[in-house]
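The structure appears below as structure tokens.
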Amino acid sequence: MPVNPIPEGYHTATPYLIVRGADKSVEFLKNAFGAQASFEPMIGPDGKIMHADLKIGDSHVMISEATDQHPAMPCMVHLYVPNVDAVYERAVAAGGTSTLQPTDQFYGDRGAAVKDPSGNHWYIATHVEDVSMAELKKRAEAHLKQQKGKAA
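In the numbering used here, the protein residues as written are 2 to 153.
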């Protein structure tokens, strides 16, 4: 019987976060986003997380403690959630730093952003409106004009 090249429950792309303080990152993701461990983390000889796999919604995020061979690499992850306002509040309460309060965006999402204690950025969004490509183009142009006016 052939083996599926993508394991059951995974998608083609899976973020792998290499952080300092992986144990704290795992707790942040559980408290902020309701992440659940797929299995017990693998612990290295130094007592730190060598590999953890968490499920957030229908997607997986993998985490490892930074090492000399694999240094910490902050990144940005985009999460779609049913209620951006509630998840944003939980993320801030869990120790995240707000970088964008919940705001309606021109492209049809309500979005917010936090930076986690390891320096990763999490853009959290709820899709609230389907926007046609023609309307999206008009809104993007108006948004850019508005941004240009603010920069002046």
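We put the CB at the ideal spot given by N, CA and C, even for glycine.
In this structure, the beta-carbon distance from A87 to L101 does not fall below 9 Å. Taken through DSSP and simplified to helix, strand or coil, H71 comes out as coil.
Three or more Cβ pairs drawn from the segment 123-139 and the segment 72-91 lie within less than 8 Å of each other, which places the two stretches in contact. In terms of Cβ geometry, A73 and S119 form a close pair [threshold 9 Å]. With a cutoff of 9 Å on beta-carbon distance, T98 and M63 are scored as not near each other. Scanning its chain for C-beta atoms nearer than 6 Å, with the 5 sequence neighbours on each side dropped, one finds around P75 the residues G120 and N121, in chain order. Counting every other CB atom within 10 Å of its CB across the protein chains shown gives D47 a total below 16, marking it as exposed.
Taking a C-beta distance under 9 Å as the contact criterion, H12 and H71 do not qualify as a contact pair. Here DSSP, grouped into helix, strand and coil, assigns Q37 to strand. Across the structure, R140 and F107 are spaced so that their CA atoms are roughly 6 Å apart. Nearest to V115 by C-alpha distance, out of F34, H52 and D105, is F34. According to the DSSP assignment, H79 belongs to the beta strand (DSSP E) that extends over M77 to Y81. DSSP lists H128 as the beta-bridge partner residues of D110. Cα atoms of L137 and H128: separation of roughly 14 Å, rounded to the nearest angstrom. Check the Cα spacing between A94 and each of R111, L30 and I50: the tightest is with L30.
If you draw a 10 Å sphere on the C-beta of L145, you find fewer than 16 other C-beta atoms in it, and that means exposed.
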